[in-house]
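Under our numbering, think of the first position of the sequence shown as 7, with each following residue one higher.
Here the structure is laid out as structure tokens; the discussion comes afterwards.
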Amino acid sequence: MTHSDAGNYAAKHKDSTIPKVLERAIKDALVENRLSCGRAHQLAMEIGFSPADVGRTADLMEIRLSGCQLGLFGHEQKEKIAAAVNPEPKLIKTIKENLTDGSLSCLKAWQIAADFKLKKTDITAACETSKIKITPCQLGAF
Numbered sequence: 007m008t009h010s011d012a013g014n015y016a017a018k019h020k021d022s023t024i025p026k027v028l029e030r031a032i033k034d035a036l037v038e039n040r041l042s043c044g045r046a047h048q049l050a051m052e053i054g055f056s057p058a059d060v061g062r063t064a065d066l067m068e069i070r071l072s073g074c075q076l077g078l079f080g081h082e083q084k085e086k087i088a089a090a091v092n093p094e095p096k097l098i099k100t101i102k103e104n105l106t107d108g109s110l111s112c113l114k115a116w117q118i119a120a121d122f123k124l125k126k127t128d129i130t131a132a133c134e135t136s137k138i139k140i141t142p143c144q145l146g147a148f
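Laid out in structure tokens, this is it:
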């Protein structure tokens with residue numbers, strides 16, 4: 007959800023409940039009442055929940071996510087990640103081979119970054135060059 011949805015994140019999860027162990031872990035992980043993408047993924051691994059569970063619980067708690075590791079939201083700079091000038095053709099080919107309904111999932115972007123030994127934001131830059139949207143987010147933010 008967007009900034010304009012702040013304070014109403016729970017609306018997208020009707021009839022969902024908050025796992026108490028996850029609620030406590032999220033509360034303990036907050037910095038300035040926000041949960042970073044990196045910390046959300048770390049919590050998921052540490053306590054055995056999926057990233058989607060962590061994101062949904064954060065929404066139900068009306069917690070704003072920050073610091074997307076792909077650079078798509080929650081950073082101090084307001085500009086988008088700039089398009090890559092000359093992305094490697096093999097990288098673009100791999101991205102295009104991993105599209106679902108014309109978009110690259112956040113999870114696939116992470117996997118491609120690892121496979122190519124690149125920063126996650128490098129995948130975002132390559133997607134910007136090719137006008138490819140990254141969605142869905144593993145945490146459910148977009």
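The beta-carbon is built from N, C-alpha and C at its ideal position, and this holds for glycine as well.
Because the structure is a prediction, the values reported are computed rather than measured.
Within the same chain, 40, 42 and 80 come within 6 Å of residue 72 by CB-CB distance, once the 5 residues on both sides are set aside. Counting along the chain, residue 41 sits inside no alpha helix (DSSP H); it lies in the beta strand (DSSP E) bounded by residues 40 to 42. The beta-carbon separation of residue 131 and residue 87, rounded to 5 Å, stays under the 8 Å limit for a contact.
Within the same chain, 110 come within 6 Å of residue 138 by CB-CB distance, once the 5 residues on both sides are set aside. Taking C-alpha positions only, residue 144 is separated from residue 90 by approximately 23 Å. In the DSSP assignment, residue 71 falls within the unbroken beta strand (DSSP E) covering 70 to 72. Shortest Cα-Cα distance from residue 28 to any of 69, 99 and 38 involves 69. For the pair residue 123 and residue 147, the Cα-to-Cα distance works out to about 25 Å.
When secondary structure is reduced to three states using DSSP, residue 140 falls in the strand class.
The Cβ atoms of residue 77 and residue 127 lie closer than 7 Å to each other. With 16 or more neighbouring CB atoms inside 10 Å of its own CB, residue 97 falls in the buried class.
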